[in-house]
DNA sequence: CGCAAATTTAACCTGTTGGTTGAAAGTTTG
DNA sequence: CAAACTTTCAACCAACAGGTTAAATTTGCG
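Residue numbers (this note's numbering), protein chains in the order written: chain V, 1 to 109; chain Z, 1001 to 1109.
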């Protein structure tokens, strides 16, 4: 399990967060991940390595294409760490309630 | 409002996360924040600047002592960003439910 | 086979991070 | 006032991050 250090550092780059958002939609090949960005394939390849080391994505090579897949479990530790901040949770009640309504229809409230 | 870049980068250092945890207990002077750590006061001062720039703490000088105070609102954006990961939320249901039970007794479920 | 495609590696550059030490600045107190 | 205390500033350093380009690697295909 990647440490919080590694996970938060991986999340601190906007390119990498954008990549994660893209992978929410679907698994993607490296070349397709790189397409929207104004930087070299090599740079994107490095970003993908960082995300992989953080456990935020996994990569599977099929043929000459390497597919990138979101691994959302890695966010759990980071989120749990945040939740340890009791004072914070009170602030964020609205977001949590919205989440609950969406995720557990007819259960919350 | 500090960007996600800055907030996540601030959270990626274990010394800074430890400082935040300490400030959960109570506001603290810079010297007292530094006491448990095996590094110079100047280094801690820099860490506190990073946390301040991220909006995670505030500092108020009273006399010759500068008091550090947790500002948990800054974590909200980061948390909301994480919540945009639908697949992640499903994984984290237990933690969210535990939070709800603790925070909204008699309301959830 | 031989070329094209997909991705990584290597070498390099620049800027930033996290730490150091020593001096400086502002504040309190004897 | 002078000494002590709290904190920051300045200069420096080693290590790392994020980008580049060019070459290498692996795989698919006519």
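Think of the CB as a built atom: it goes at the ideal place given N, C-alpha and C, for glycine as much as any other residue.
Report task. Mind checking which residues open and close the alpha helix (DSSP H) that includes residue 64(V)? Result -> No alpha helix (DSSP H) contains residue 64(V), which DSSP labels as neither H nor E.
Query raised in the report: Should residue 1056(Z) and residue 1020(Z) be called a contact, given that it needs their Cβ atoms to be closer than 8 Å?
Result: yes
Query - Proximal chain V residues relative to residue 1008(Z), where beta-carbon distance stays under 7 Å - result: In chain order: 8, 11, 12.
Query raised in the report: Using 8 Å as the limit for Cβ to Cβ distance, is residue 1062(Z) near chain V?
Result: no
Report task. Pick out the complete alpha helix (DSSP H) segments inside the stretch 2–72 of chain V, 4 residues or longer, and give them in chain order. Result -> 4–11, 14–25, 30–34, 41–53
Query - Closer than 9 Å at the beta carbon, the chain Z residues around residue 42(V) - result: Here the premise fails: no neighbours, minimum Cβ distance about 22 Å.
Requested in this report: Output, in chain order, the set of chain V residues within a Cβ distance shorter than 8 Å of residue 1005(Z).
Outcome: 12, 13, 14
Requested in this report: Please classify residue 1017(Z): is it buried, with 16 or more other beta-carbons within 10 angstroms of its beta-carbon, or exposed?
Outcome: buried
Query raised in the report: Does the separation of the CB atoms of residue 79(V) and residue 1005(Z) fall below 8 Å?
Result: no
Requested in this report: Compute the distance between the beta-carbons of residue 1043(Z) and residue 1067(Z), then report whether it is under 8 Å.
Outcome: no
Query raised in the report: What does residue 48(V) reach in chain Z if we use C-beta pairs closer than 7 Å?
Result: What residue 48(V) touches in chain Z: nothing, since even the nearest Cβ is about 18 Å away.
Query raised in the report: Going along the chain, which residues of the stretch 1053–1077 of chain Z sit with their C-beta nearer than 8 Å to a C-beta in chain V?
Result: 1070, 1072, 1073, 1075, 1076
Requested in this report: Please check if any C-beta of chain V sits within less than 8 Å of the C-beta of residue 1039(Z).
Outcome: no
**Report entry** Sequence-distant residues of its chain with Cβ nearer than 8 Å to residue 1087(Z) (five each side left out)
**Finding:** With a pLDDT of 44 at residue 1087(Z), under the threshold of 50, the predicted position of this residue should be treated as unreliable, though the coordinate-derived value follows. Within the same chain, residue 1087(Z) has no close Cβ partners at all.
Query - Nearest-angstrom Cα separation, counted from residue 1038(Z) out to residue 72(V) - result: 35 Å
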